[in-house]
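Peer 1:
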Amino acid sequence: MKTSYFPFLLALLFFGLTSCDKKNEPSPKCGFFVDIDKAYFNNGPDDPFTIQNVVLEGDCLTITVQYGGGCGGAAFTLVDKDVIQYTNPPSRQLRLALKDEDWCEALVTEDMIYDISPLQVDGEDQFKLILQGWEGELVYEF
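Per our numbering, the sequence shown starts with residue 3, numbered consecutively.
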């Protein structure tokens with residue numbers, strides 16, 4: 003009995019051509035990456051929510067938020083203003099942007115987790131993070 007390898011090779015070629023190549027894209031250590039974008043910081047969505055708590059552990063920033071919704075359609079983005087203020091320690095401004103297309107009225111509490119390692123720059127080993135809507139002090143050491 004003769005075995006044909008043609009169907010196997012054809013399938014291998016098909017899957018090889020249609021697979022995604024993300025070898026050069028780093029994966030976040032936790033949650034989603036912070037977005038560094040001055041225009042989005044200034045003009046991005048600004049639907050209402052409250053920050054209940056903030057925890058910074060290593061490169062991971064967890065922000066506990068509360069907002070009206072419950073049916074889906076709410077999207078949070080942590081965005082950095084892309085400006086370093088050379089205070090002691092240097093500081094960066096962050097804003098949690100909410101685009102809420104959820105018209106339900108339940109009070110939702112959710113943890114939003116972000117990898118803030120893209121904020122690191124050569125020559126610095128820490129930043130004070132100023133998060134809009136949060137009065138607590140956050141010092142990111144790396």
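Every residue, glycine too, gets a C-beta built ideally from N, C-alpha and C.
Is DSSP giving lysine 40 helix, strand or coil here?
Peer 2: helix
Peer 1: Quick check on DSSP: helix, strand or coil for asparagine 55?
Peer 2: strand
Peer 1: Between Glu107, Trp136, Val141, Arg94, which lies nearest to isoleucine 38 when the distance is taken from Cα to Cα?
Peer 2: Checking every option, the nearest Cα to that of isoleucine 38 belongs to Arg94.
Peer 1: Name, in chain order, the residues that DSSP records as bridge partners for tyrosine 69.
Peer 2: Val110
Peer 1: Could you please give the first and the last residue of the uninterrupted beta strand (DSSP E) stretch that includes isoleucine 118?
Peer 2: Premise fails: isoleucine 118 is in no beta strand (DSSP E) and is neither H nor E.
Peer 1: Report the rounded CA-to-CA distance for alanine 13 versus alanine 77, giving the unit in angstroms.
Peer 2: Low local confidence applies: a pLDDT of 48 at alanine 13 is under 50, so the model's placement there is unreliable, and no value is given.
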